[in-house]
Amino acid sequence: MLLFWSNPEFVRHRRAELRRGRAFTVAAVVLVLCVLIGLAAWASAANELEMAQIRSARFGRPTQAQLFEMQQRLPSEALQLFYRSLMYTQAGILAFWSLFSCAQAVSGERERKTWDFQRTTRLRPADLMLGKLLGEPVLAYFIVLCCLPIAAISGLAAKIGLLHVLSAYLLIVSSALFIGLAGLWLSSLFESRSRGVGLIGTAGLFAFLALSFNFRVSELPGLAGFSPLAGLPQLVEPSGSATALPTLFGAQIPWLLMSLLLYMAFGAWIALMLGRNLKKDYEEMRPLSRWQAVGCAAFLNFLLYALFHPHPWSPPDSHSFTTFIVIMNGLIILAVGVATLAPHERLRIWWCKRGAHEATLLSEDGPPWPWLVLSAVVAYALLIWGLFAWRRVLGFETSSLSGGAIQMAAVLIFVTRDVLFLQWCRLTRLRAPLIKGALYLCLYYIASLVFTFVFSVRSEWDGRIVYSLLTPAGALDGRSYGVHFPVGVFGGMSLQLIVVGVLVTLIIRRLKRPPLTAAVVGD
Amino acid sequence: MIQLSKLRKEFGDLIAVNDLDLMIPQGEIYGLIGPNGAGKTTSIRMTCGLLAPTQGCVRVNDVDVLGEPERAQQYIGYLSDFFSVYEDLKVWEYLDYFARAYKMSQPEIAQRIEEVIAQVGLEVKRDTLIHGLSRGMKQRLGIARAIIHQPKVLLLDEPASGLDPKARLELRELLRSMRDQGATILISSHILTELEGFCTSIGIMEKGRLVRTGRIEEVTAEETPTRIVRLRWVGDSAESVRRILAERLELSNISLDGNGGSFHFVGSDDLLAQVLATLVSANVRVTSFGEIKQTVEDLYMKLSQHEVM
Ligand SMILES: Nc1ncnc2c1ncn2[C@@H]1O[C@H](COP(=O)(O)OP(=O)(O)OP(=O)(O)O)[C@@H](O)[C@H]1O
Ligand SMILES: [Mg+2]
Chain A
115 MLLFWSNPEF VRHRRAELRR GRAFTVAAVV LVLCVLIGLA AWASAANELE MAQIRSARFG
175 RPTQAQLFEM QQRLPSEALQ LFYRSLMYTQ AGILAFWSLF SCAQAVSGER ERKTWDFQRT
235 TRLRPADLML GKLLGEPVLA YFIVLCCLPI AAISGLAAKI GLLHVLSAYL LIVSSALFIG
295 LAGLWLSSLF ESRSRGVGLI GTAGLFAFLA LSFNFRVSEL PGLAGFSPLA GLPQLVEPSG
355 SATALPTLFG AQIPWLLMSL LLYMAFGAWI ALMLGRNLKK DYEEMRPLSR WQAVGCAAFL
415 NFLLYALFHP HPWSPPDSHS FTTFIVIMNG LIILAVGVAT LAPHERLRIW WCKRGAHEAT
475 LLSEDGPPWP WLVLSAVVAY ALLIWGLFAW RRVLGFETSS LSGGAIQMAA VLIFVTRDVL
535 FLQWCRLTRL RAPLIKGALY LCLYYIASLV FTFVFSVRSE WDGRIVYSLL TPAGALDGRS
595 YGVHFPVGVF GGMSLQLIVV GVLVTLIIRR LKRPPLTAAV VGD
Chain B
73 MIQLSKLRKE FGDLIAVNDL DLMIPQGEIY GLIGPNGAGK TTSIRMTCGL LAPTQGCVRV
133 NDVDVLGEPE RAQQYIGYLS DFFSVYEDLK VWEYLDYFAR AYKMSQPEIA QRIEEVIAQV
193 GLEVKRDTLI HGLSRGMKQR LGIARAIIHQ PKVLLLDEPA SGLDPKARLE LRELLRSMRD
253 QGATILISSH ILTELEGFCT SIGIMEKGRL VRTGRIEEVT AEETPTRIVR LRWVGDSAES
313 VRRILAERLE LSNISLDGNG GSFHFVGSDD LLAQVLATLV SANVRVTSFG EIKQTVEDLY
373 MKLSQHEVM
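Taken in sequence, the protein lines are chains A and B.
Under our numbering, think of the first position of the first sequence as 115, with each following residue one higher.
Under our numbering, think of the first position of the second sequence as 73, with each following residue one higher.
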């Protein structure tokens, strides 16, 4: 476990950020802050007692006996408040610091031009990952280490129980590790040219982690486990507050366990992506191999069924559940598509090999679309299983299976079109092709929205036709039953299939163009 | 030993390195020259495993760089053309970091750091923060980093930029001594005089291809069978000397004026000696007589002109 202590990358951060003078200063500041928090906790508890005394004098309530009891409890109340504040502060510091330091770890080194030297050492991606994960926020870990004895003693003194204290620290540290890992992954995806997007991504990740707390009241309550705030309250309060527990296949599990499961599962995927890519050149990065991407899609689908928790008084019917799953799969397949885009040179080699009958369509360097189809098929198979597994709540209807098939096909066609468009952008000589391509797609969908609006002014039916032709929304608007979709949906699917055909031809045209020899300056 | 076979790199539809074949045996100092954008940096980056080639294979010290990157890295020292260093570390800490990253053994590290610091002349700065070093000192530190693990193969992309003349000399000496210990060195440079008299072989790169490669004398000789000889004398008139020289058929382009001049000559050293003997026996009082060596720069200019035509 002490492997990280001699990790060169960790040692570097430790040396640079924890020089003796600085470490002493930080420890002193932490101590002073602890004292201040302690005073504030005491003042707050004393204030409460004072208010009670005033109320007692005015209204006779609480009674003298109750007041006396409150007085007795004052030190332990204050201690508990102190402990709680300390734990939340530590969780906040560690999470923030981990995210924002790790989210610049790799992109920052790329920008400073120190990254190549790390890549030419014998450090394995796992070494780099571990070193950066613990090294980048080393100062935050040091702060927590300084707080630890004070928090632990106050927790024990406040009768929180050793197990609870340990569990709370486990949650705080594991959430910080997960958040750091996610930040590290983000930072590996960006370089100086796309730094703005990286920043937006970091802010987005932060917002997700902060807001994921609200999933508590959704039909996927387990997702709230991404936020340490879901599990921490029960661990730091002696009685444990009574919030609803998350479910796994309908069975309730503690929040701590839920969070740990999510962190481990998603952490493993992120670690896999980092391990594959950390030592690769930026242009050659591909988050997952194609089979892994399909596996990831299957995992995410599986997770949806596992975390699903229908509202007991108004469970969804199988149609709306199917639609929900298909919408989620639209996002998942899009992510698979983006993760499996092929770099220009690889695709060209594949094309040459394919001409010589040496490569198949389902190849690591081939075009992304066969993998999207595969992901959709896997998702559909899981949908059948999921509907079956949840049949007692949702009711198993074959019409939702057939309807689901058509919805899935519609979503697949639209997503394939978008992914092929991105792939085509990647073959042009645009700078930052993916970001530009994504912007064009956003523009397209905004324009579709405007058209829909314009046409629906004339009649609602016209508006529906327009959005069925241009977007997958027609198949997903929940107004159809079984296989009885309006003609516009099928029209839209056929239209988009033609667009897909055009994009494939464009891509092949690009691949057929002979490459240029480098022009030399001065020629 | 460095072996590149059929190495190719495409960036989109641009071929930066075009089916490069190159074999540098152990103990060579190989200079790679070429105009901006010729593909030198791209080739070096592929050689040290930073960039995956579109096609082709790189072997360093008989290890496949693509197949076994971690094993290959222990033999490779690399210095890129533009780089920076961790400003918040001390000089010795920086070297210690890389020594650990190359998985050197702990007792070996301390000794090696002192050795390398002495080799690049940074002894007085050992305990200062890198933040306070000058540009040239950082370049020296970069060189120290590249050699900390005693690599068998050293890949240097424009290593002398920012170094003062003394440091350049020291760098040459350092590289020579590494070569003597059996290292193979690939060095790219724009400053051609820098490679002269120091590289054992050169390669001239253009548009992603090696247009000439080989030992320095061979490449220069191959390109210029005609040698240019310059002479000076005292006493006789230019006209009388020209008459003597014109009798010899191996000579052409004789241009003399006052008490000196030059001529072109094709033939062996023996013949050249005879030319001098003829002059002396005709009582011309020769004060100097010598061949003008082709510089790498001349050669380079010539070759690029060929390419452009
Ligand atoms: N990441 C990249 N993306 C696209 N093109 C690139 C990339 N890196 C290099 N090139 C192109 O490859 C060609 C070779 O570049 P390279 O840097 O190898 O040249 P060089 O010989 O090192 O030039 P210099 O003497 O200027 O350092 C150039 O035309 C360059 O524009
Ligand atoms: Mg270069």
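Glycine residues also receive a C-beta, built at the ideal position from the N, C-alpha and C atoms.
Just so you know, these numbers come straight off a predicted model, no measurement behind them.
Under the 8 Å criterion on CB atoms, residue 280/B is classed as interfacial with respect to chain A.
Not a single C-beta of chain A is nearer than 8 Å to the C-beta of residue 284/B. Between residue 117/B and residue 228/B, the alpha-carbon positions lie close to 10 Å from each other. Taking 7 Å as the cut-off, the C-beta of residue 365/B does not count as close to any heavy atom of ligand 1. Fewer than three pairs of CB atoms, one per stretch, sit closer than 8 Å, so the region 182-197 of chain B makes no contact with the region 128-138 of chain B.
Against residue 157/B, the close residues of chain A are 228, in the order they occur along the chain (beta-carbon pairs closer than 8 Å). Short note on residue 119/B: C-beta not closer than 7 Å to any heavy atom of ligand 2. Inter-residue distance for residue 618/A and residue 556/A is about 21 Å (C-alpha atoms, whole angstroms). At a threshold of 7 Å, residue 114/B counts as near ligand 1, since its beta carbon sits closer than that to one of the ligand's heavy atoms.
Residue burial annotation: residue 197/B is buried, with at least 16 other C-beta atoms found within 10 angstroms of its C-beta. Residue 378/A counts as exposed, since fewer than 16 other C-beta atoms from the protein chains shown sit within 10 angstroms of its C-beta. Taking all protein chains shown into account, residue 203/B has fewer than 16 neighbouring C-beta atoms within 10 Å of its C-beta and is therefore exposed.
Residue 307/A and residue 264/A have their C-alpha atoms some 45 Å from each other.
Chain-ordered, the chain B residues with CB closer than 7 Å to the CB of residue 631/A read 87, 90, 279, 280.
Residue 532/A has its CB no nearer than 7 Å to any heavy atom of ligand 2. CA-CA distance, residue 602/A to residue 525/A, rounds to 14 Å. The C-alpha of residue 610/A lies about 7 Å from the C-alpha of residue 528/A. Put simply, the CB of residue 252/A is far from chain B, with every gap to its CB atoms at 8 Å or more. An exposed status is given to residue 471/A, since fewer than 16 other beta-carbon atoms sit within 10 Å of its beta-carbon. Interface annotation, residue 619/A: not in contact with chain B, CB-CB separation never under 8 Å.
Contact between residue 517/A and residue 433/A holds, with the beta-carbon distance rounding to 7 Å and staying under 8 Å. Proximity of residue 206/B to chain A, defined by a Cβ-Cβ separation below 8 Å, is not satisfied. Of all residues in the region 160-175 of chain B, the ones placed with a Cβ closer than 7 Å to any Cβ belonging to chain A are 160, 161, 165, 169, 170, 172, 173, 174, 175, in chain order. In this structure, the C-beta of residue 229/B approaches ligand 2 to less than 7 Å from one of its heavy atoms.
Put simply, the CB of residue 237/A is near chain B, with a gap under 8 Å to one of its CB atoms. Residue environment for residue 572/A: exposed (fewer than 16 other C-beta atoms within 10 angstroms of its C-beta). Of all residues in the region 427-457 of chain A, none has a C-beta nearer than 8 Å to a C-beta of chain B. Residue 313/B and residue 340/B have their C-alpha atoms spaced approximately 22 Å apart.
Interface residue (Cβ-Cβ distance to chain B less than 8 Å): residue 231/A is classified as such. Chain order gives the chain A residues near residue 82/B as 458, 459, 462, 629, where near means a beta carbon separation below 8 Å. Proximity to residue 369/B across 332/B, 360/B, 274/B, 334/B peaks at 274/B, based on C-alpha coordinates. Near chain B, meaning a CB-to-CB distance below 7 Å, no residue of the region 465-492 of chain A qualifies.
In this structure, the CA atom of residue 429/A is about 10 Å from the CA atom of residue 509/A. Rounded to whole angstroms, the gap between the alpha carbons of residue 488/A and residue 107/B is 48 Å. Residue pairing for residue 129/B: DSSP places it in a beta bridge opposite 77/B. In the structure shown, residue 366/A falls within a strand segment according to DSSP collapsed to helix, strand and coil.
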